[in-house]
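*Asks:* If you number the sequence shown the way the numbering used here does, the last residue is 949 and the count never jumps. We put the CB at the ideal spot given by N, CA and C, even for glycine. Pasting a structure below so you can have a look.
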Amino acid sequence: MNGTNRTSRKKQSKQHRRSNRSNSQQAINGQLSKKQQAILNAPVKFGDEVMVTIHGIGSSGEGVGRVDDFTVFVPFALPGETVKVAIDMVKKTYATGRLLEIVTMASNRIDASCDLYGLCGGCQLQHITYEGQLSLKTQKVKDVIERIGHQNPDLVKPTLGPKEPWAYRNKMQMPVGGTKGDIQMGFYAMGSHDIVQGTNCPIQDEGNNIIAQACYQIAKAFDIEPYDEHTGKGVLRHIIGRIGQSGWMIILVTATEQLPHKEKWVEKLIERIPQVETIVHNVNGKRTNVILGPKNNILYGDGTITDHIKDLRFTLSPHSFFQVNPEQTTVLYDQALAYADLKGDETVIDAYCGTGTISLFLAHKAKHVIGIEIVEPAIINARENAQRNGYDNTEFIVADAAVEMPKLYKAGVRPDVIVFDPIRAGCKEEVLTSAAGMEPKRIVYVSCNPATMARDIEILTHYGYELQEVQPVDMFPMTAHVEAVALLTRNEVTQ
């Protein structure tokens, strides 16, 4: 009897477990079906060929249209065009499509001048006139200021572009791949880490193209083993070129502690490129997307070059951050200085000061500038840059701005102006609330991501600040990126 009961209980237990598994599976299937329901009900399906009228531009430069009020993103399509598209991905709220045919062409569409355009992922807007690019970027900033910032888009001024939108990049980072005996060097393909072979880029300073071509030929001649990011094996990972006013820097990044034929590398590079001022071997043995490792071996020169922004001189090492478009950097920083409206007796806080480039622009006209940056090596560079340029009215602090600014407030610091120049993610809200609590007359916001800037502007308006103007600056012609500078002032009611 007891044995029968035990057997019965075992059967019941197994049935209970099976029932639980079945119920769990049904629950999972139910969840999946809910997620998939929107896709199943979407007006477009994978593989469909549809007609789309493009009405806007996306954050990555793709055309934006609708099919039955469902958003479709189409790379290389332009506003005003009607295009035939093959749907290649469907998500819950949008789809993407491959451009098959342009039925109605935009008046500002042109042929791209680069043979690799459409394969290389570096540029997204070569198929539109440069005037058209500036117009799209202005509209892009207006859209986020209105949609995310809830501000008047008419406060956005036309985007400022350079005199020449080509050959502007003073820094080149070129991945290396392929196999031993068949080394590849070039640019990542659009949306992947596949390498598109090529050592000539029309948006690079010609010096960087010279560096790329020489390094590629030398690597082939020495039969250097390329790094394989899938296996983590191999030697040569990246070639980096930096063009300064004093000379050129070449950085050879390897996954190994040793650079094969390093003496011959130096000999050949100096022979072929007399402008080279320094050559550095950087070691990055980690399996990561970060390009530079922490260790530098100087092979030639002292490991630095010198560059200028107007009358300010900066010494650049391999890890130094420096804007890649010298002409437009001056435009960007001049605009920030104009918005700061300094008369000579102000205290200014530069809340994300980096290596102090904007801080020194401000120090030229301010009484005292306090730079705050959480990255200690950047602060060390900032102090060196201030000393090198003769500015003793600067103070640089290693700290999180959200922690340091309340401390400065308690210590009685009352800045007249606060400048933000954060990373793409924008400011932490604690930084914004701390800044508002210090009650500066003006806040100048420099941004590489207008969407997060718009979000932060909206927050600041709840703390007594009013947006006065936004000036987009095209730092990266031929790409979808745009920078912007915004001016906010404290409301008279709250003063």
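Quick one: grab the DSSP three-state call for residue 595.
*Replies:* Helix.
*Asks:* Rounded C-beta distance between residue 665 and residue 702? I'm assuming under 8 Å.
*Replies:* Confirmed, about 7 Å.
*Asks:* Are the Cβ atoms of residue 452 and residue 572 separated by less than 9 Å?
*Replies:* Any property of residue 452 remains undetermined from this structure, which presents the chain solely from 455 to 949.
*Asks:* Give me, in chain order, the residues of the same chain whose beta-carbon lies closer than 6 Å to that of residue 946; leave out the 5 immediate sequence neighbours on both sides.
*Replies:* Cβ neighbours of residue 946 beyond the five flanking positions: none.
*Asks:* If we count Cβ pairs, one from each stretch, closer than 8 Å, do we get three or more for the region 728-746 versus the region 794-810?
*Replies:* No, the region 728-746 is not in contact with the region 794-810.
*Asks:* Quick one: is residue 503 buried, meaning 16 or more other Cβ sit within 10 Å of its Cβ, or exposed?
*Replies:* Exposed, since its Cβ has fewer than 16 Cβ neighbours within 10 Å.
*Asks:* Within 10 angstroms of the Cβ of residue 630, are there 16 or more other Cβ atoms? Answer buried if so, exposed if not.
*Replies:* Buried is the call here.
*Asks:* Find out if the Cβ-Cβ distance for the pair residue 757, residue 707 is shorter than 9 Å.
*Replies:* No, Cβ-Cβ distance for residue 757 and residue 707 is not below 9 Å.
*Asks:* Exposed or buried, residue 581, counting other C-beta atoms within 10 Å across all chains shown (16 or more means buried)?
*Replies:* With 16 or more other Cβ atoms within 10 Å, it is buried.
*Asks:* Assuming residue 644 and residue 575 make a contact with CB atoms under 8 Å, what is their CB distance in whole Å?
*Replies:* About 4 Å; that satisfies the 8 Å criterion.
*Asks:* Return the first residue and the last residue of the beta strand (DSSP E) that residue 651 is part of.
*Replies:* From DSSP, the beta strand (DSSP E) with residue 651 extends over 649-651.
*Asks:* Three or more C-beta pairs under 8 Å: does that hold for the region 863-875 against the region 549-569?
*Replies:* Touching, no, given that fewer than three Cβ pairs across the two stretches are closer than 8 Å.
*Asks:* Within the same chain, show all residues whose beta-carbon is closer than 8 Å to that of residue 821, passing over the 5 residues directly before and after it, in chain order.
*Replies:* Hits under 8 Å: 798, 799, 800, 801, 847.
*Asks:* Going by C-alpha distance, which of 925, 750, 902, 886 is nearest residue 710?
*Replies:* Checked all of 925, 750, 902, 886; the closest Cα to residue 710 is 750.
*Asks:* Could you tell me if the beta carbon of residue 527 falls within a distance shorter than 8 Å of some heavy atom in the ligand GTP?
*Replies:* The ligand GTP is absent from the structure shown, which contains no ligand whatsoever.
*Asks:* Taking buried to mean at least 16 other C-beta atoms within 10 Å of its own C-beta, is residue 830 buried or exposed?
*Replies:* So residue 830 counts as exposed.
*Asks:* I'd like the list of long-range same chain contacts for residue 515, defined as Cβ closer than 6 Å, with 5 residues on each side in sequence excluded.
*Replies:* Once the five neighbours on either side are set aside, the close Cβ partners of residue 515 are 578, 579, 934.
*Asks:* Do residue 782 and residue 681 have their CB atoms nearer than 9 Å?
*Replies:* Against a cut-off of 9 Å, the Cβ pair of residue 681 and residue 782 comes out as no contact.
*Asks:* Do you know how far the Cα of residue 492 is from the Cα of residue 843?
*Replies:* Whole-angstrom Cα-Cα distance: 60 Å.
*Asks:* Are the beta-carbon atoms belonging to residue 658 and residue 615 less than 9 Å from one another?
*Replies:* No, the Cβ-Cβ distance between residue 658 and residue 615 is not below 9 Å.
*Asks:* For residue 632 and residue 796, what's the separation of their Cα atoms in angstroms?
*Replies:* Distance between the alpha carbons of residue 632 and residue 796 is about 54 Å.
*Asks:* Using the three-state DSSP reduction, which class does residue 901 fall into: helix, strand or coil?
*Replies:* Reduced to three states, the DSSP call for residue 901 is strand.
*Asks:* From this set, 910, 903, 906, which residue's C-alpha is nearest residue 897's C-alpha?
*Replies:* When only C-alpha atoms are compared, the closest one is 910.
*Asks:* Using 8 Å as the threshold, is the region 598-606 in touch with the region 908-926, meaning 3 or more CB pairs across them?
*Replies:* Verdict: yes, contact present.
*Asks:* Return the residue from the list 779, 692, 855, 498 that minimises the CA-CA distance to residue 618.
*Replies:* Minimum Cα distance to residue 618 is reached at 779.
*Asks:* Between residue 759 and residue 696, how many whole angstroms is the CB-CB distance? I'm expecting something under 8 Å.
*Replies:* That belief holds up - the Cβ atoms of residue 759 and residue 696 are roughly 6 Å apart, short of 8 Å.
*Asks:* Can you tell me which of 544, 737, 928, 825 puts its alpha carbon nearest to the alpha carbon of residue 777?
*Replies:* Ranking the options by Cα distance to residue 777, first place goes to 928.
*Asks:* Under 7 Å Cβ to Cβ from residue 541, same chain only, skipping five residues before and after it: list those, please.
*Replies:* Excluding positions up to five away in sequence, the list reads 498, 499, 500, 501, 502, 504, 549, 551.
*Asks:* Alpha carbons only, please: which of 912, 921, 885 is nearest the one belonging to residue 895?
*Replies:* Out of 912, 921, 885, 921 has the C-alpha closest to the C-alpha of residue 895.
*Asks:* With DSSP run on the structure shown, which of helix, strand or coil describes residue 548?
*Replies:* Strand.
*Asks:* Go ahead and pull the three-state DSSP assignment for residue 849.
*Replies:* Correct three-state label for residue 849: strand.
*Asks:* Keeping to the same chain, check which residues put their C-beta closer than 8 Å to that of residue 478; ignore five residues upstream and five downstream.
*Replies:* With a pLDDT of 47 at residue 478, under the threshold of 50, the predicted position of this residue should be treated as unreliable, though the coordinate-derived value follows. Around residue 478: no qualifying Cβ.
*Asks:* Which residue marks the beginning of the beta strand (DSSP E) containing residue 519, and which one marks its end?
*Replies:* Element bounds for residue 519: 517-521.
*Asks:* Can you grab the Cα-Cα spacing for the pair residue 593 / residue 560, in whole Å?
*Replies:* Straight-line Cα distance between these residues: approximately 16 Å.
*Asks:* Where DSSP assigns a beta bridge to residue 705, which residues make up the other side?
*Replies:* The partner list for residue 705 (beta bridge, DSSP) reads 694, 734.
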